[in-house]
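Written out below as structure tokens is the structure these notes cover.
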Amino acid sequence: MAIDNQEAAVREIKPKNRRIMGPDEEDKRWPPWLKPLLKEQFFVQCKYHADSHKSECNMYCLDCINGPLCSLCLVHHKDHRAIQIRRSSYHDVIRVSEIQKHLDIASVQTYIINSAKVVFLNERPQPRPGKGVTNTCEVCDRSLLDSFKFCSLGCKIVGTSKNFEKKNKKQSPEKKRVAMAAASDSEDSYSSSSHGRKLPSFTPSTPPPTAAHLRTAKRRKGIPHRAPMGGFTIEV
28 MAIDNQEAAV REIKPKNRRI MGPDEEDKRW PPWLKPLLKE QFFVQCKYHA DSHKSECNMY
88 CLDCINGPLC SLCLVHHKDH RAIQIRRSSY HDVIRVSEIQ KHLDIASVQT YIINSAKVVF
148 LNERPQPRPG KGVTNTCEVC DRSLLDSFKF CSLGCKIVGT SKNFEKKNKK QSPEKKRVAM
208 AAASDSEDSY SSSSHGRKLP SFTPSTPPPT AAHLRTAKRR KGIPHRAPMG GFTIEV
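For my numbering, count along the sequence shown from 1 and bump the result up by 27.
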């Protein structure tokens with residue numbers, strides 16, 4: 028009887044252990060090369076072919092996942108899936124024609140650069156969206172066309188994770204009404220509190236008299252007076 032109870036306990040523990048030791052559910056949604064790709068720094072000099080003029084690392088092997096490669100390194104990756112990373116305004120991009128063979132890029136905005144359609148690898152935060160913008164990236168708030176949700180592959184990973192809380196871009200009418208009422212109340216309270224007390228004046232006051240003004244005032248002559256003539260007698 029004790030043996031049967033022990034076997035039942037083992038059967039209950041094993042599935043729990045498998046859930047803990049298994050791969051993360053979030054990582055199963057993406058190919059194993061995607062997150063390492065987004066963390067790499069491209070367009071640096073290859074440490075193996077530094078003497079060559081083609082030593083700029085702008086390639087990546089999806090099978091080996093061993094860092095950026097230069098064009099000379101591709102000799103060792105003939106039968107592998109290699110993609111080329113390009114640059115646009117100091118940001119890494121990849122052509123849609125290359126990446127869509129290996130990854131679903133739906134809801135990620137595409138751009139036309141040098142007559143080729145590309146997507147950005149990582150986010151490009153925008154201080155504030157332009158006037159008239161009605162749609163922005165759900166992660167970094169960059170301005171987007173209405174048919175897209177993310178500005179880059181990195182933002183799609185973050186925005187589709189189970190722990191991501193979507194920002195409330197549109198304020199409800201009730202919240203707008205409350206905010207406007209609060210602003211109106213604050214203005215009224217300021218206006219009422221200003222009555223009955225002297226508000227500070229920003230007009231400069233008359234400066235005090237200086238020493239030069241005092242000297243000038245002392246040099247001024249008094250009111251002239253004529254000599255009296257009635258007290259003198261003229262003898263002929």
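We put the beta carbon where it would ideally sit given N, CA and C, even for glycine.
- The shortest C-alpha to C-alpha distance from V145 to any of E67, C91 and I110 is the one to I110.
- Going by DSSP, V120 is part of the beta strand (DSSP E) stretching over H118 to R122.
- Under the 10 Å beta carbon count, Y87 is surrounded by 16 or more other beta carbons and is classified as buried.
- By the neighbour-count criterion, in which 16 or more other beta carbons inside 10 Å mark a residue as buried, T163 falls on the buried side.
- Around the CB of L172, fewer than 16 other CB atoms lie within 10 Å, so the residue is classed as exposed.
- It is roughly 50 Å from the alpha-carbon of D78 to the alpha-carbon of T161.
- Per DSSP, the beta bridge partners of P95 are Y87.
- The C-beta distance from C91 to Y75 rounds to 14 Å, too long to meet the 8 Å contact threshold.
- Per the DSSP secondary-structure output, I110 pairs in a beta bridge with Y87.
- Counting along the chain, I139 sits inside the beta strand (DSSP E) bounded by residues Y138 to I140.
- At a cut-off of 4 residues, the continuous stretches assigned as alpha helix (DSSP H) that sit fully inside the stretch 132-188 are 180-186.
- The bridge partners DSSP lists for S115 are H118.
- Counting the other Cβ atoms within 10 Å of the Cβ of K193 gives fewer than 16, which makes it exposed.
- Under DSSP, Q72 takes part in a beta bridge, and its partners are E83.
- At a Cβ-Cβ threshold of 9 Å, L96 and C84 count as neighbours.
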